[in-house]
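Numbering (the numbering used here), first residue to last: 96 to 778. Report on the following structure.
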Amino acid sequence: MDAPDAHCDVGEFLERDRMNPTPMLDFWQKPAGAGDPVAVLATTFALEPDFFERNCLARFLEVSSVDEDTGSVDDVVASVELHELLQNTRVTILADRSAPVQRTSLLWDLLSCRVDGGLLHAKAAVLLWENKTRVVLGSANLTAAGYRRQIELGLSADLGPGCLFPPDVLTAIADELESYLRLVPGYATGVAVFTRAVSTLELFRQRIVQQPAEQLAVRVAFAPTNATTGPLDRLSAVWRGAQPLCAIHLSPFWDSKDQTALTATRKLLTGRPADERSQHVAVVLGPRGQTSFSHHLASAVDTVQQLKELDKEVRTLHAKCLLIKSKEWVAALVGSSNHTKSGLGLTQHGRHREMNVWFGAPCNTKEGKALLDLIQLGKNVPADAEEVEPKDEDEAELPALPPCFGLCRVARKSADSPWELHLGIIATSDMPASWEISIAAGDPPFQTRTQWEVDGEPETVMISLTQKTLPMYVLVRWNGNETPWAVLADNRCDLPLGPALSNLRAQHLLDALATGRSLAQALREELERKNTEVDTKTGIILDPLKRLEVKESLLRKGRALAASLSAMHRRLERQIITIDTLRARLASPLGPEFVATKVAEAFEAGQQTRAEAVFTIAEIALTVGRVNWAYVLEHVEPANGLAFVSETLVQLDTLRARIGEEPADLASYARRAIKEAQQCLTS
């Protein structure tokens, strides 16, 4: 079940997936006028990192190519494009501790949450662009099944006039998301991954404050499951008029031997006359007519009926919805909660963490009719239907990593220092008696419990890395189990580049800037040019104009450099919303730090003269100094932003010195240029 967008009223967008041509993946595509992507914070139980990267994240970032693992030019370009876009965007995914962590990029954060006695089961996302904000909430995990194959129910709400979610609901969603951060073993304020997530939520809250106060046609209330409340407790916030008479359930999973959820729902039905009170369950039968709703539970409801068929496609039910009705009013609970004790928070211990929303409206309105249509009942389920246990996507397939293992971070002290793994390990009562950690399957362990105890049980173990590529995860083995432990990056801008980016020369970057092309476009042209040269190398230039062209002329080079630096200036002088964006912009492959580094490498490789290299770095520094930083930093703390710009100029001066002090006049010019740029920051 999908929804187009929240600018329509509820009657137009709360519809079934098979009725609605808009797929759920479209929730991740930006609305008109949204601007560049800024940040994502999403939560899920089950996770397929590869699906998330290639589908959800690629749509949000507007990646034009897809890496199909074929080794083609398209694949290389896609990985570079994803890298370039992720550097400028904060992405945080909160998943249950049991979810897989084998992603392909350290540029997005994957935080594993542990719920005492339960699961992190909520499915929600906050998507932030420069000019737009969207909240997605529903039943679908970040998996191919959730977004493509199952019957799901999801909503998207864009902030602004006509937003379905009022400010109090949006604030409650932000509060609930922030509370999930404290479920991550190893949580600590000030740690980079948590700072990034909190900054995303702060930006979300700033935009909530700007929401206009409006009278909505439908009543809305946030209804989470957490340690203090359950969704059924929040029905009264959207209910009006005579008391409820009827309940209709849609849930793929139940406590098959326990009627607590049905009993709790029946207690809500206090309307008159009493003989008109009823409770019904909608199910989707298996291919051979099997039902996952047990006969024991069926004895506690009035009818068990099939969800009305809208086409002949066979899909597994994964949507969750509860309709509560009187003769005049209807309320619908939409979200992630299965109708179980844990899902609805009907037990003191073992509650999941869920996100749901109640909607309420008069039955005879457009909105009310849309809510009533969320569960359309069909034929009765035969009393002798075969009972089967459902295969639950929301059941853990991997053993959850023990909570004694907190954060696994990769960092280094300086650009010249080796990379280190920082393993957060805390002695807990449930720490396995024996465990070991290795980089990959089959590798010897680099840390064991015995070694950790000998070293004094440090809360942070530091391991130097010798390999060229950083691991996306390490493997933890204990009691016959083997589970990946996600690696997180403290400074995403400092991460090593892939071989495709590392092999690009300074001239490629300057050409990309001068022509207004993205780095991915420049890389594609360079790779295709090399392939063409290999295939069609004749040594004969047929175009007479090409034969007369002097590519190395001073005038041509000067014009090209001026065009490149002018483009760099325009890129730097766009206003930023977050400090992370500034850091990424300064260090990105088309930013001053990386381009200047490549200029120094070009000199050292004999591809540029010393004079050209010194002059180019001086002009890059002046370009940085000419930026109107007061304008760029208007929406962030200026002092923090200027500190990063100053660090960039220090790095440029280091590169200048690395190239050398000859010729003397140009070296003097470069020193003065960098000093002038520094002075511009304080003027």
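Ideal placement from N, C-alpha and C gives every residue a C-beta, glycine not left out. These numbers were taken from a predicted model, which means no experiment stands behind them.
Rounded distance between the beta-carbons of residue j and residue i, thought under 8 Å
{"i": "Leu-222", "j": "Phe-317", "result": "Rounded, the Cβ-Cβ distance is 18 Å, inconsistent with contact."}
{"i": "Leu-421", "j": "Pro-339", "result": "In the sequence on display, residue 421 carries Ser and not Leu. About 5 Å; that satisfies the 8 Å criterion."}
{"i": "Val-549", "j": "Leu-518", "result": "15 Å between Cβ atoms; not a contact."}
{"i": "Ile-532", "j": "Leu-570", "result": "7 Å"}
{"i": "Val-731", "j": "Ile-671", "result": "6 Å"}
{"i": "Leu-205", "j": "Ala-581", "result": "5 Å"}
{"i": "Leu-232", "j": "Gly-430", "result": "6 Å"}
{"i": "Met-450", "j": "Pro-497", "result": "Not really, about 26 Å apart at Cβ, beyond 8 Å."}
{"i": "Gly-325", "j": "Gly-440", "result": "3 Å"}
{"i": "Leu-202", "j": "Arg-587", "result": "5 Å"}
{"i": "Thr-673", "j": "Ser-294", "result": "6 Å"}
{"i": "Arg-654", "j": "Arg-410", "result": "That pair is no contact at about 60 Å."}
Sequence-distant residues of its chain with Cβ nearer than 8 Å to residue i (five each side left out)
{"i": "Ala-759", "result": "none"}
{"i": "Gly-384", "result": "Pro-477, Ala-480, Glu-481"}
{"i": "Thr-704", "result": "Phe-698"}
{"i": "Asp-630", "result": "Only weak support is given to the placement of Asp-630: the predicted model assigns it a pLDDT of 47, under 50, and the value that follows is read from those uncertain coordinates. Cβ neighbours of Asp-630 beyond the five flanking positions: none."}
{"i": "Pro-687", "result": "Met-663, Leu-667, Leu-681, Ile-715, Ala-716, Thr-718, Val-719, Thr-743, Leu-747"}
{"i": "Tyr-242", "result": "Pro-118, Met-119, Leu-120, Phe-146, Asn-150, Cys-151, Ala-235"}
{"i": "Lys-227", "result": "Lys-125, Pro-126, Gly-128, Ala-129, Gly-130, Asp-253, Leu-254, Gly-255"}
{"i": "Glu-404", "result": "Gly-473"}
CB of residue i within 9 Å of CB of residue j, strictly
{"i": "Glu-714", "j": "Leu-656", "result": "yes"}
{"i": "Val-379", "j": "Pro-347", "result": "yes"}
{"i": "Leu-516", "j": "Cys-503", "result": "yes"}
{"i": "Glu-148", "j": "Ser-193", "result": "no"}
{"i": "Val-304", "j": "Leu-259", "result": "no"}
{"i": "Gln-306", "j": "Leu-254", "result": "yes"}
{"i": "Asn-576", "j": "Ser-529", "result": "no"}
{"i": "Val-719", "j": "Val-694", "result": "no"}
{"i": "Leu-327", "j": "Ala-377", "result": "no"}
{"i": "Arg-448", "j": "Leu-265", "result": "no"}
{"i": "Pro-319", "j": "Glu-273", "result": "no"}
{"i": "Leu-69", "j": "Lys-415", "result": "The structure shown does not extend to residue 69, since the chain spans only 96 to 778, so no value can be given for it."}
{"i": "Asn-236", "j": "Ala-153", "result": "no"}
{"i": "Glu-225", "j": "Gly-285", "result": "no"}
{"i": "Asp-542", "j": "Ile-521", "result": "It should be noted that the sequence gives Gln, not Asp, for residue 542. No, the pair does not count as a contact, with Cβ atoms beyond the cut-off."}
{"i": "Pro-132", "j": "Thr-184", "result": "yes"}
{"i": "Val-279", "j": "Ala-252", "result": "no"}
{"i": "Leu-677", "j": "Leu-608", "result": "no"}
{"i": "Ile-343", "j": "Gln-374", "result": "yes"}
{"i": "Leu-345", "j": "Leu-248", "result": "yes"}
{"i": "Val-690", "j": "Leu-776", "result": "no"}
{"i": "Leu-590", "j": "Ala-584", "result": "yes"}
{"i": "Ala-484", "j": "Ser-387", "result": "Correcting the residue identity first, residue 484 is Glu in this sequence and not Ala. A contact, by the Cβ cut-off of 9 Å."}
{"i": "Leu-311", "j": "Pro-261", "result": "yes"}
{"i": "Pro-540", "j": "Gln-197", "result": "no"}
{"i": "Leu-276", "j": "Ala-287", "result": "no"}
{"i": "Gly-281", "j": "Gly-463", "result": "no"}
{"i": "Arg-767", "j": "Val-709", "result": "no"}
{"i": "Leu-660", "j": "Ala-706", "result": "no"}
Chain C contact for residue i (CB, 9 Å cutoff)
{"i": "Ile-715", "result": "Here there is only one protein chain, and chain C is not present."}
Neighbourhood of residue i by C-beta, 7 Å cutoff - its chain only, sequence neighbours within 5 removed
{"i": "Leu-649", "result": "Any reading at Leu-649 must be qualified, since the residue scores a pLDDT of 47, below 50, and its modelled position is unreliable; no value is offered."}
{"i": "Ser-437", "result": "Gly-213, Gly-445, Arg-446, His-447"}
{"i": "Ala-772", "result": "Ala-716, Leu-717, Val-719, Gly-720, Leu-744"}
{"i": "Trp-424", "result": "Trp-334, Arg-335, Gly-336, Gly-455, Pro-457, Cys-458"}
{"i": "Pro-116", "result": "Reliability of the predicted coordinates at Pro-116 is poor, the pLDDT of 42 falling under 50, and the value obtained from them is presented with this limitation in mind. There are no such residues."}
{"i": "Arg-572", "result": "Trp-530, Glu-531"}
{"i": "Thr-545", "result": "none"}
Residues near residue i in its chain [Cβ-Cβ closer than 6 Å; skip 5 each side]
{"i": "Leu-412", "result": "Ile-246, Pro-347, Val-379"}
{"i": "Glu-647", "result": "Only weak support exists for where Glu-647 lies, its pLDDT of 47 falling under 50; the coordinates are left without a value."}
{"i": "Ser-683", "result": "Gln-182"}
{"i": "Ser-763", "result": "none"}
{"i": "Arg-372", "result": "Leu-340, Leu-364"}
Check: residue i C-beta below 8 Å from any heavy atom of the ligand FAD
{"i": "Thr-355", "result": "Absence of the ligand FAD from the depicted structure is noted, as is the absence of any ligand whatsoever, leaving it without description."}
Segments assigned alpha helix (DSSP H), at least 4 residues, entirely inside the segment 680-749: 687-699, 705-721, 724-727
Inter-stretch contact at 8 Å, needing at least 3 Cβ pairs: the segment 384-403 / the segment 339-357: yes
Runs of alpha helix (DSSP H) wholly within the segment 394-451 (minimum 4 residues, chain order): 436-439
Three CB pairs or more closer than 8 Å across the segment 215-235 and the segment 130-141: yes
Complete runs of the beta strand (DSSP E) confined to the segment 496-530 [at least 3 residues]: 500-506, 515-520
The segment 462-472 / the segment 533-553 touching (three or more Cβ pairs under 8 Å): No, they do not touch.
Those runs of the alpha helix (DSSP H) which lie wholly inside the segment 228-296 and span at least 4 residues: 262-276
Entirely enclosed beta strand (DSSP E) segments - the segment 334-383, minimum 3 residues: 341-345, 373-378
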